[in-house]
Every structure is written in structure tokens, then in C-alpha cells.
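Here's the structure we're looking at; comments come further down.
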Amino acid sequence: MDTSKQLDTHYDPKAIEGKWFNFWQDHGYFQRGSAGAQAAATPDAQPFTVVIPPPNVTGMLHMGHALNNTLQDILVRQARMQGRPTRWIVGTDHAGIATQNKVEQALAKQGKTRFDLGREDFVKACWEWRDDYGSIIINQLKTMGVSCDFSDEKFTMSDDYAKAIRRVFVDWYHHDLIYRGHRIINWCPRCGTALADDEVVHKEEKGHLWYLRYPLVEPVGDVSELIVATTRPETMLGDTGVAVNPADERYKELVQNHAMVKLPLTDRQIPVFADDYVDMAYGTGAVKVTPAHDPNDFAMGERAGLEQINIFDATAHLNENAGAPYQGLSREQARDKVVSDLDALGLLDHIEDISHAVGHCYRCDTIIEPWLSEQWFVDMQDLVKPAIAAVRQGEVVFNPKRWEKVYFNWLENIRDWCISRQLWWGHRIPVFYCDSCGWQDASEEDLTVCPECGAPLRQDEDVLDTWFSSQLWPFATQEWGSDDAKWAQNQAAYYPTNVLSTARDIIFLWVARMVISSEYFTGQIPFKDVIIHPTVLDKHGDIMSKSRGNGIDPVELIDKFGADGMRFGLALQVTGNQDIKFDENKLKSSRNFATKIYNAARFVLMNLEDFAEPSERITPDPRTDADKWILSELGELTRKIATGQPGYFFGAVARDLYSFFYNDFCDWYIEFSKAQLDDPALRRSTQANLVFVLDCALRFLHPFMPFITEELWQKLPNGDDTPSLMVAAWPDEERLAGLEFGHAQAAIAAVVNIITNIRSTRARYHLPPAQDLAVTVKSSEPETLREQEALIKRLAKISDIQFYSDLERPKESVVTVFGGLEVYIKLSGIVDLAAESARLAKKRAALQKDLDRLNKKLANQGFMAKAASEIIEETKQKAADAADEIANLTTQIDALA
RNA sequence: GCGCGAUUAGCUCAGGGGGAGAGCGCUUCCCUGACACGGAAGAGGUCGUAAGUUCAAAUCUUACAUCGCGCACCA
Numbered sequence: 023m024d025t026s027k028q029l030d031t032h033y034d035p036k037a038i039e040g041k042w043f044n045f046w047q048d049h050g051y052f053q054r055g056s057a058g059a060q061a062a063a064t065p066d067a068q069p070f071t072v073v074i075p076p077p078n079v080t081g082m083l084h085m086g087h088a089l090n091n092t093l094q095d096i097l098v099r100q101a102r103m104q105g106r107p108t109r110w111i112v113g114t115d116h117a118g119i120a121t122q123n124k125v126e127q128a129l130a131k132q133g134k135t136r137f138d139l140g141r142e143d144f145v146k147a148c149w150e151w152r153d154d155y156g157s158i159i160i161n162q163l164k165t166m167g168v169s170c171d172f173s174d175e176k177f178t179m180s181d182d183y184a185k186a187i188r189r190v191f192v193d194w195y196h197h198d199l200i201y202r203g204h205r206i207i208n209w210c211p212r213c214g215t216a217l218a219d220d221e222v223v224h225k226e227e228k229g230h231l232w233y234l235r236y237p238l239v240e241p242v243g244d245v246s247e248l249i250v251a252t253t254r255p256e257t258m259l260g261d262t263g264v265a266v267n268p269a270d271e272r273y274k275e276l277v278q279n280h281a282m283v284k285l286p287l288t289d290r291q292i293p294v295f296a297d298d299y300v301d302m303a304y305g306t307g308a309v310k311v312t313p314a315h316d317p318n319d320f321a322m323g324e325r326a327g328l329e330q331i332n333i334f335d336a337t338a339h340l341n342e343n344a345g346a347p348y349q350g351l352s353r354e355q356a357r358d359k360v361v362s363d364l365d366a367l368g369l370l371d372h373i374e375d376i377s378h379a380v381g382h383c384y385r386c387d388t389i390i391e392p393w394l395s396e397q398w399f400v401d402m403q404d405l406v407k408p409a410i411a412a413v414r415q416g417e418v419v420f421n422p423k424r425w426e427k428v429y430f431n432w433l434e435n436i437r438d439w440c441i442s443r444q445l446w447w448g449h450r451i452p453v454f455y456c457d458s459c460g461w462q463d464a465s466e467e468d469l470t471v472c473p474e475c476g477a478p479l480r481q482d483e484d485v486l487d488t489w490f491s492s493q494l495w496p497f498a499t500q501e502w503g504s505d506d507a508k509w510a511q512n513q514a515a516y517y518p519t520n521v522l523s524t525a526r527d528i529i530f531l532w533v534a535r536m537v538i539s540s541e542y543f544t545g546q547i548p549f550k551d552v553i554i555h556p557t558v559l560d561k562h563g564d565i566m567s568k569s570r571g572n573g574i575d576p577v578e579l580i581d582k583f584g585a586d587g588m589r590f591g592l593a594l595q596v597t598g599n600q601d602i603k604f605d606e607n608k609l610k611s612s613r614n615f616a617t618k619i620y621n622a623a624r625f626v627l628m629n630l631e632d633f634a635e636p637s638e639r640i641t642p643d644p645r646t647d648a649d650k651w652i653l654s655e656l657g658e659l660t661r662k663i664a665t666g667q668p669g670y671f672f673g674a675v676a677r678d679l680y681s682f683f684y685n686d687f688c689d690w691y692i693e694f695s696k697a698q699l700d701d702p703a704l705r706r707s708t709q710a711n712l713v714f715v716l717d718c719a720l721r722f723l724h725p726f727m728p729f730i731t732e733e734l735w736q737k738l739p740n741g742d743d744t745p746s747l748m749v750a751a752w753p754d755e756e757r758l759a760g761l762e763f764g765h766a767q768a769a770i771a772a773v774v775n776i777i778t779n780i781r782s783t784r785a786r787y788h789l790p791p792a793q794d795l796a797v798t799v800k801s802s803e804p805e806t807l808r809e810q811e812a813l814i815k816r817l818a819k820i821s822d823i824q825f826y827s828d829l830e831r832p833k834e835s836v837v838t839v840f841g842g843l844e845v846y847i848k849l850s851g852i853v854d855l856a857a858e859s860a861r862l863a864k865k866r867a868a869l870q871k872d873l874d875r876l877n878k879k880l881a882n883q884g885f886m887a888k889a890a891s892e893i894i895e896e897t898k899q900k901a902a903d904a905a906d907e908i909a910n911l912t913t914q915i916d917a918l919a
């Protein structure tokens, strides 16, 4: 590489990342079935399919996407290099409420509401929004370098997808799994729609418990009033009863006498009745019952046959049922007025401060109103059974496994799923009504006239929950429901998919429902492995959100650290337990690592002027102990990767790669190679080994850092004419893992020790790093060490070193004793005898402590009887070594005296 | 209330039955012909507390404390 010396020593990601992405895309490597992709695949290899969790079309890339898509890409790229035909299905989600909110906000800026536009034009505006913003995140994914099949982008509102939705709805409808009911549901007064139970976010908030006096119409005995406690006094306007526990002695007489309460602020008389639900120990043991505005009250009301009085309208303002003084007030205004009116009447007993959970809309954070209305539901009771079994039997496996408990907990306590939304943006419920004869049915095709009476039909106004469409994602994206022939092919080859990687907060909303619907409609699980990745929090451990303003834009991180740096830095932080407290400083080491890789490759390349590229893929040529040592380390790395990968231990594998490349390859082997390259007899083999090890390392690193590895690999004369690293072969793990040269590893360990000791001695005596020193080494195997003379001299910056099996302590020298070696360094005139003596004594004391511990262990009968034999051997060896070194040190100390 | 995590170097975190590791930060020295986004040498920890199991516990068990998350909530 004659140009390498002109290159900046700092790696600049921007200069190459876009270039390689386009190269890969142009060659069709992302695309299943393309010529480029097919050339890369090994015949008979198992396909590897992943569906991306479809980002919302409202979205920008956030840290969760950055992490999740990095992890998926690591898996997909590795599978591709292993010769498996891969397909990573990409697409976006129409995100009903979220998108509708965005479009409404945009309209609001023009002073308009969706009602000004009307349904048709509003939906058109949503589509325009989608066209404008839907591609933003896809483009951002591309800057991350993820290898999705971008040639075939899916969307949850496409025509094909709509067909799948229709098929699902009609099937479930005709099997009585979808039904319509008049129920209390979670109503978001701001979004104006119903929500499912798991779309409600409960937050612990400070509130009050108001104790209200409810006078009886007729006193019973000497009881003339009841006191009820409530967190929502305004709902008393909708009370239709007061409940007590049937076993409660305090109220038995009231129940028996069918006592009636004169409900304050209204002209209603409501009954006192008994219900087991009431907890005698809480509050006063008497509960005001508002069947239209509380699910528990609704249930009690049904049992007691109470009237349901709805006092709120769809915007949570009081309606005519609340009575004239209150009609039109907001929830909050009504609360204040009810409390002050009751207080004025002397009916407010007292107020208590409490903390309680309040439900909020997961999209807009407005407080949810439990509201009685007509909605569509899915009967989940039987549907969940195969989904529970699939995980129970290990067909679907969660990683980390503990998330299965969360999954089971939800499925085993499943409630029916409210799927209708009073929105305009979404899949409209395909149920048609005839107003003249009462006919009603669900249909895959749009119907206009009644098959019974010929009158015009009316389609249901509501749309489906977004998650109703998302649940079909793994198979609806593979033509299920829209093209049966294609689906049959896809199902045979690419279904179930291999891995689903996602965030833990959508285990219920999405993951579980995909398993449920896939089991029902395809008879198969949708994916084999589920990866629940850590949540990316800010550096203080708080959730990142727009409202907190603590979010970090991955695109900015890519700008600062490169896509590779960001990817590697994120992967490094993935462990099975902890969430990620993200601080961009944590990416520094990864960015620096990329630079290190770049410079190591520069070194290798600039030493290859006389190296002829082999015609076959390069193989190692181990001659020296250093060569054998680095290959042994590569073998160990390979074994670690092979065991770390199946468990999705991304962080562990990333750390192993880092440490091999940095600490073994750069810190030592490259340094060793400098001496070897100067030796004509070793030059060619050393070049081959440098190229081989770097080539393997780049292949292993590619899934994590695709751009820089491709850039460097392209320049490497490795005898591999594959056009891209992305489709080059994964290293032969079995062969590499077999590389193990025990003798060389021991020899290099000694070399490293000797060099380190010489350097330490220099530092201890504040000698210039380049000052020459006379070094002699006493070793039982001087021949072995003598072979490493060139390496030691070069790295320790000394001009001479002698090895003996026996020698007298040289005059005016300091010694270090370790591992059966004694290293003497002559320091004429500057050895501080007292200080050296103290240093050696300190070292001896430490060793003595070790030895005492080891001897105590060896004297322990229990240990000798029960410990594993290799542990006992190891302990004996350690004790012998320690005793040896202590003896040596004692001789040294005596000599100094 | 139930469940799940966490508690290890100044900070952020790995590890995990046989006397502790990384990154960042810190100290000292060095622009040595791959790299100052670098190199070399260092300092720094009784692994939350208490019991227990074991020949052996930072590692396994239990309890407790503290922090975080999830589920369920009694108005």
C-alpha cells in the first residue's frame, strides 16, 4: 500500500460508510433471491429469516431502534456469512392513534380539526403524512448499515395487508371469537377512542380520599347516614347505589331493611345493598357505586340490577345526566364544585391524602376515563392456550429466559381484547349492517346492498386497534391472506422465522399476540427465539422521552462516532440483566477501537510491499512461538464466539473480540512481528500470519462493524476473490478452534513477563524509556528463551540479554523473581540497596501470605478428600512455586545485606 | 401486595464455587518508523448487611436493607 502513508491516521467513517452501503445494495446482497445473494449462499443451508419490528410511520430513529436493529443485523450478517440464505423483512406500521394524533396536531396549526376535513379527506391527509415521513426512518436505518431487504418494503396498511386483516376478522367473527358488547372500557377523552387494557399506563400519583356523608331517606334505628370514601367525588352524580359487605355487622340492619340513601346534589334515592366485593376493612366499609364509570361498580351494579347513569360525554365533560348546575363542566371543574357544594351542605366529613395508581393514555398521557360504550372484543380465553403451550414446550424461547414468566403471567390472566377504536386512520372494521331488515355480517369483500332485503348497507364506523394488524406481521408480510400460492412457498422455506428481537414493553401488546394469531392461522409458531433487549435509558437511569427532552438522536451519534462505533458500543453494553444507562462517552472506546483496527490494518498493509497475494485463500504459516501463540489466542477467541453466539451474549462476544484484537493482536503480535519482519527467513511467513489473523478478525468483527471491516478487507491480499466481506465465508470455527500450541503459549507468557519487568524497572528508577540496560536471565530452560531474544530485545529496548541456567547475582543489579525466572538488570551506581531490599521483602511477605494460605488448604483433610484432583494439583503447584520464589528472594535479600 | 432485576475500583458495568476484571477517569513517563482517538508503567476494591450450605462463597440458599422495573390493585 504505497498510499497508506499519506492517509490520515484517524479513521474517518464518513468517507466510506455511504459508499459501502450503496455497494452492498447495488450487488443485491440484502435481497433474498438476488444473484448476489444467491452466489453467497451455500446449497442446502437453512434459511435465516427475521422480521423487523415495524417502526411507526410517525417516527424518527431513537436509541431503542439503534440498539435493536444493531442486534438483529449482527445475527443476520453472521448467518449470511455462514452461507445461509437470509431475509430480513422490513417495513413500517401505520400506528393508528400515534399517526392520527400527529396529523391532527398538524391540522391544529392551521386552526382545523379532523371534522373540518371529514373522514375521507382526513384519511387522505394521513396517507400523505405517511408518504412524507414513512421513509425517514428507513433511510436512517440505512445509515446504520443494517442489512434489511429494502427492495421489498412492507406496510401494515398496504392492500395485501388489508386482505390479511379482513381474513382474520371474518374468520374470528364467524367463529364467535369476535363479538360486540356494551362494556366499561378505557376511554381516552383526548384521543376520543377506546383503548385496550394494556394500552393504559398506570402511574402512582398523589390524590385524596374524600369522605362523604350520605343521608338515609328514613333512619334505621339510630342510624341516619352513611359515610362513603371516594377518590373521585364528581362521579357521585352518577351513583345508583351504596354497597356494603354482607357480613358487615355495622350495616346488616340497613341491608335487611332495604334502606335508601338520599343522594345529595340530586333528586335520586338509591339503595343500600350487600356485595361480597366490598372490603370491610377499607375506608368506612361502605362504597358508593357508579356502574357507568367504574368497572368494579359496573359488575356490582349488574349483580344488584342497578341503573347505569352515564354522566360524561366523549370529552369527559359532564352531560345532561349530571344535572343542570354541573352540565358542561370538565372532570376537574366538576370535582371542585361537587366537593365545595357538599362541604357547604355539611356533607363533607373529612379528606385524607393518599397515593394511588391513575391510568393514562399510552399515546397522549391524558387520564383515562372508564366509560360505558359499545365496542368490539376478541374472546381470548381459548386463543391463548396454544400460545402458552408453545413457550411452555420450548418451541418459542425467550432470551433472557426470565421474560417467559412475564409472558405467562399475562396470558394466564388474559381478559378479552377491546379492538375497536373510534379513529379514522386504520383498518375499518369489516362489518356491514342493514338498517332496514337488521341483517349484519362481516365480509372480506366490501358490500353495498343487503343480501336479504336489497337495502343499502352501512359499514361499521370504527377502525381496528393497530396491534390487531401488527399481530399478523410475521406472516402477513409473507403473503399470508393475500396470495395463497406465495404464502405456501414462503411458509415452506421461511416460516417460522428464526428470531424476533424487541423491547420488553411490547411483550404483551405485540409478541404474545403474534404467537396467538400465528398459532391460530398458520398452525405454527411465528418465530423460534425471542430476544428481549435492554432498555436504553439516559445516563441517570431515566426513560428517554420527548417530554423529558433527554432523548439522544442516533443519527448524531453516527455523525460523531461512525455507525460502526455506535453499533459496537451499543452491542458492548448488552448483558442479560441490566438496562443501559447510556452516555455518549461510552462510545468513545468503540470509536477509538475502530481507529485501532484501521491503524493495525495500515501497519499490515504497509509491510506487504513484497508480498505476493496467494492464489488460494490464505492459510497461516506458524514458524515461531509468537506465530503459534497468536494462532492459539485466535483459537481461543473462536471457541468463545462459538459458545457466546447461541445464547445471544452480544456484550460478551464484543468484549472478547475487542480484547483479542487490541490486547493480543495489536499490543503484542504486531510488536513481535516487527522483529520477525526484519528477519529474511521469517518475513514471508510473518506476512502470511499477519494477513491471516487480520482476515479472520475482520470476518468475526464484520457483523458488529460492517463498514470499516469491509473497507479494510477489500485491501487485504488474502487470496479470497469474493466481491464483498458481507458475503465472504465465516471463518471455519472448527478448524480455528483446534489451533492450540501449549508450549508456545508458555514461552510467550515468559517473554511478556520479562519485557514487562524490564519496563517496570525502568519506570521505578525513572530511567528514560530508551536507556539501554544489561539484562541477564536465569531460567531452567535458557534455550527456549534464547529463541525469543530478538523479540525481547526489541520490545524491551535493550541491546543485549543473556540467558543462563545458573548464574551468580551480577554486581549492582536489581532482580525480579517470578514463574521460575530470575531477571537481573544492571543499574550501576543507581541501585538504592535499602529500597531494593525493602521492595523484595515486601514482595516476599506477600508471597509468604499466599503460601500460608495454600499450605493451610493442603493441610485441610476435607480439601484433600473432596476437592477435584486438578484443583489439588494446581494448589500444590502454586505452593511449590511460591516456596521457590520465596527461597530465591531470601537469597537475594541476603546478598543485598 | 405479588413478581423480576440490581447492589463489585472515583464513575459506568462485566464476571461468577478454588484469593477480583474492562471501559472511562486519575498519577508518572513517552510525538519509539500502525495508531497521541496512541504507547509504557502505576495507584485504586474486606464484591450491600447478616446467617446458612460447602473442604472452599464475591459466586449457591435464606432473611434484611437500599434502588429500579413490571403486574395487580380497596372505593
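Using my numbering, the first residue of the first sequence is number 23, and each one after it goes up by one.
All C-beta atoms in this analysis are idealised placements derived from N, C-alpha and C, irrespective of residue type, glycine included.
Computed from a predicted model, the values in this text were never measured in an experiment.
Look at the alpha carbon of residue i and the alpha carbon of residue j, and state the distance between them as a whole number of angstroms.
i    : j    : result
D601 : T524 : 14 Å
T25  : H32  : Note that T25 scores 39 on pLDDT, short of 50, meaning its location in the model is unreliable and no value can be drawn from it.
T731 : W447 : 44 Å
V388 : N208 : It should be pointed out that residue 388 corresponds to Thr in this sequence rather than to Val. About 11 Å.
A184 : L486 : 11 Å
R3   : N910 : This structure leaves residue 3 out entirely; the chain is present only between 23 and 919.
M23  : L630 : Note that M23 scores 38 on pLDDT, short of 50, meaning its location in the model is unreliable; the coordinates nonetheless yield the value given after this. Approximately 7 Å between the Cα atoms of the pair.
H555 : S491 : 23 Å
Leaving out five residues before and five after residue i in sequence, what residues of the same chain have Cβ atoms less than 8 Å from its Cβ?
i    : result
D138 : L129
K27  : With a pLDDT of only 39 at K27, under 50, the local geometry of the prediction cannot be trusted, and no value is derived from it.
Can you list, in chain order, the residues of its chain whose CB lies under 6 Å from that of residue i, leaving out five sequence neighbours each side?
i    : result
E907 : V839 and L869
L276 : V242 and V294
T312 : T257, G260, D261 and D319
G381 : V222, H224 and I390
Using a threshold of 7 Å, state whether the C-beta atoms of residue i and residue j are closer than that.
i    : j    : result
P478 : M536 : no
R106 : Q47  : no
A314 : N341 : no
T488 : G55  : no
V168 : N91  : yes
F177 : G86  : no
V72  : Q94  : yes
Starting from residue i, trace the alpha helix (DSSP H) both ways and give me its first and last residue.
i    : result
H765 : G764 to R786
F549 : It is not in any alpha helix (DSSP H) - F549 instead sits in the beta strand (DSSP E) that spans F549 to H555.
K36  : No alpha helix (DSSP H) contains K36, which DSSP labels as neither H nor E.
V713 : P702 to L723
Please identify the residue among the options whose C-alpha is closest to the C-alpha of residue i.
i    : options                   : result
I580 : G571, N572, D742 and G591 : G591
V406 : R102, N435 and A510       : N435
Q493 : E541, D484, R721 and F454 : E541
H196 : D754, E466 and R624       : E466
E578 : N78, P77 and H84          : H84
Q162 : D689, E39, A59 and V485   : E39
R721 : T708, S707, Q736 and Q709 : Q736
V79  : K815, A120 and L370       : A120
E175 : D153, H562, L97 and I376  : D153
E733 : K879, A303 and A616       : A616
Looking only at its chain, what residues have a beta carbon closer than 7 Å to the beta carbon of residue i, apart from the 5 residues adjacent to it on each side?
i    : result
R353 : E256 and A338
Residue i lies in the beta strand (DSSP E); which residues open and close that run?
i    : result
L248 : V245 to T252
E376 : The displayed chain sequence assigns Ile, not Glu, to residue 376. Unbroken beta strand (DSSP E) run through I376: L370 to C383.
D794 : Careful: D794 lies outside any beta strand (DSSP E) and carries neither H nor E.
Tell me whether residue i, by its Cβ, gets closer than 6 Å to a heavy atom of the ligand HEM.
i    : result
A477 : Absence of the ligand HEM from the depicted structure is noted, as is the absence of any ligand whatsoever, leaving it without description.
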